[in-house]
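Student: Under this note's numbering, read the sequence shown as residues 64 to 235, first letter to last.
Using N, Cα and C, we set each Cβ at its ideal position, and we do this for glycine too.
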Amino acid sequence: MLVAIGTQNKAKTSAVEKVVRTYFPEANFIHINVESGVAAQPMSTEETRQGAINRAKNTLQQTEADWGFGLEGGVHQLEDTLYCCNWGAIALRDGTVISSAGAQFMLPNEVANEVHAGQELGPVMDAFAQKENTRHNEGAIGIFTNGLINRQQMFEHIVTLLVGQVLYLNNK
Numbered sequence: 064m065l066v067a068i069g070t071q072n073k074a075k076t077s078a079v080e081k082v083v084r085t086y087f088p089e090a091n092f093i094h095i096n097v098e099s100g101v102a103a104q105p106m107s108t109e110e111t112r113q114g115a116i117n118r119a120k121n122t123l124q125q126t127e128a129d130w131g132f133g134l135e136g137g138v139h140q141l142e143d144t145l146y147c148c149n150w151g152a153i154a155l156r157d158g159t160v161i162s163s164a165g166a167q168f169m170l171p172n173e174v175a176n177e178v179h180a181g182q183e184l185g186p187v188m189d190a191f192a193q194k195e196n197t198r199h200n201e202g203a204i205g206i207f208t209n210g211l212i213n214r215q216q217m218f219e220h221i222v223t224l225l226v227g228q229v230l231y232l233n234n235k
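1. Take the Cβ of E219 as the centre, count every other Cβ of all protein chains shown within 10 Å, and call the residue buried at 16 or more, exposed below.
2. Between the C-alpha atoms of E183 and A103, what's the straight-line distance to the nearest angstrom?
3. My output table needs one value for V99: the three-state DSSP class, helix, strand or coil.
4. Which of the three DSSP states, helix, strand or coil, is assigned to S163?
5. Given Q215, which residues of its chain have a CB within under 7 Å of its CB, disregarding the five upstream and five downstream residues?
6. Please go through the same chain and pick out, in chain order, the residues whose beta-carbon is closer than 8 Å to the beta-carbon of H179, but skip the five residues on each side of it.
7. Quick check on this structure: which residue in G133, E127, W150 and E173 has the alpha carbon closest to the alpha carbon of A166?
8. G131: buried (16+ other C-beta within 10 angstroms of its C-beta) or exposed?
9. Excluding five sequence neighbours on each side, which residues of the same chain lie with their C-beta closer than 6 Å to the C-beta of R118?
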């Protein structure tokens, strides 16, 4: 089985590979950069979900893979708080597309203000945490949970939901 992942982001590719290998040890993987078709910083759950779906479909269309994965991080406003949200999607050769969401957590005002001003969360987090490439490593979730969960683990949860739904469909 060939699995294509629509990103080169280490946290995302590692999450897909770890979960898929658990259930399909023979799987092979390719990573390609594809367009999300949404803003570089998605600003709603709907836009974030659509980005994941678009990445999954584009990944499958641009490869000979059996499965195409798209993972997208974004933000959404709920009352007076900006939350980080995360979505994933899997596209299958038969045209099936499944999406699932993962953890949501609040962003402190000093980070939220920068995102509202038009900056992407990744670079804002690098400056906030005084680190490089947080989006490829612990992510905002790792920083704001004091290291209790990192970005890869958060995406593993989403990928597990997706793989589980595929397994369910195949066993119906």
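Tutor: The relevant details are as follows:
1. Stepping through the sequence shown from its first residue, residue 219 is reached at position 156. E219 comes out buried.
2. Along the sequence shown, read from residue 1 onward, the residue named residue 183 stands at position 120. Along the sequence shown, read from residue 1 onward, the residue named residue 103 stands at position 40. Roughly 7 Å between the two C-alpha positions.
3. Sequence index remark: in the sequence shown, residue 99 carries index 36 (1-based). The residue asked about is misnamed: residue 99 is Ser in this sequence, not Val. Residue state, collapsed to three classes: coil.
4. As a working note, residue 163 is residue 100 in the sequence shown. Residue state, collapsed to three classes: strand.
5. The residue you call residue 215 lines up with position 152 of the sequence shown. A74, S77 and A78.
6. As a first step, residue 179 must be located in the sequence shown, where it is residue number 116. Counting only Cβ-Cβ distances below 8 Å, and skipping sequence neighbours, we find L145.
7. If you number the sequence shown from 1, residue 166 lands on position 103. For the residues G133, E127, W150 and E173, the minimum Cα distance to A166 belongs to W150.
8. Counting from 1 along the sequence shown, the entry for residue 131 is found at position 68. The residue is buried, with at least 16 neighbouring Cβ atoms inside 10 Å.
9. Indexing the sequence shown from 1 puts residue 118 at position 55. Counting only Cβ-Cβ distances below 6 Å, and skipping sequence neighbours, we find G69, V97, S99 and G133.
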